[in-house]
Amino acid sequence: MVKKLFTIEGMHCGACAAGIELILSNTEGIKSVKADYEGKKAEVEYDEAKLSADDVINAIADAGFGAKAVS
Ligand SMILES: [Cu+2]
């Protein structure tokens with residue numbers, strides 16, 4: 494498992510953050526998600542054997558938001 498921080502674009506309220514958490518936590522390979530609307534970021538814990546950072550970014554894009562990995 495790795496924990497990675499992503500910056501999120503397009504969240505306009507706390508419900509957006511909750512939506513990201515819900516969608517990502519239902520994504521295979523993702524263990525936990527903490528989305529922060531105020532901070533415009535999300536911390537995602539995922540199985541790097543199943544997903545890459547790009548896969549996480551794609552899952553966030555499918556939820557309707559832009560994401561970038563924070564290195
Ligand atoms: Cu919203």
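Going by my numbering, the first residue of the sequence shown is number 494, and it counts up by one from there. All C-beta atoms, glycine included, are put in the ideal place defined by N, C-alpha and C.
Figure out for me which residue from Lys497, Ile513 and Lys561 has the closest Cα to the Cα of Met504. If you number the sequence shown from 1, residue 504 lands on position 11. Here the closest residue by C-alpha is Ile513.
Unbroken alpha helix (DSSP H) runs of length 4 or more, entirely within the stretch 499 to 540: which are they? 507 to 518
Lys495, DSSP secondary structure in three states: Taking the first residue of the sequence shown as position 1, residue 495 is located at position 2. The displayed chain sequence assigns Val, not Lys, to residue 495. If DSSP states are grouped into helix, strand and coil, Val495 belongs with the strands.
Note down the Cα distance separating Phe499 from Val537, rounded to an integer number of angstroms. In the sequence shown, counting from the first residue as 1, residue 499 sits at position 6. In the sequence shown, counting from the first residue as 1, residue 537 sits at position 44. C-alpha separation (whole angstroms): 8 Å.
Taking Cβ positions, are Ile501 and Ala546 nearer each other than 9 Å? Taking the first residue of the sequence shown as position 1, residue 501 is located at position 8. Taking the first residue of the sequence shown as position 1, residue 546 is located at position 53. No, these two residues do not count as a Cβ contact at 9 Å.
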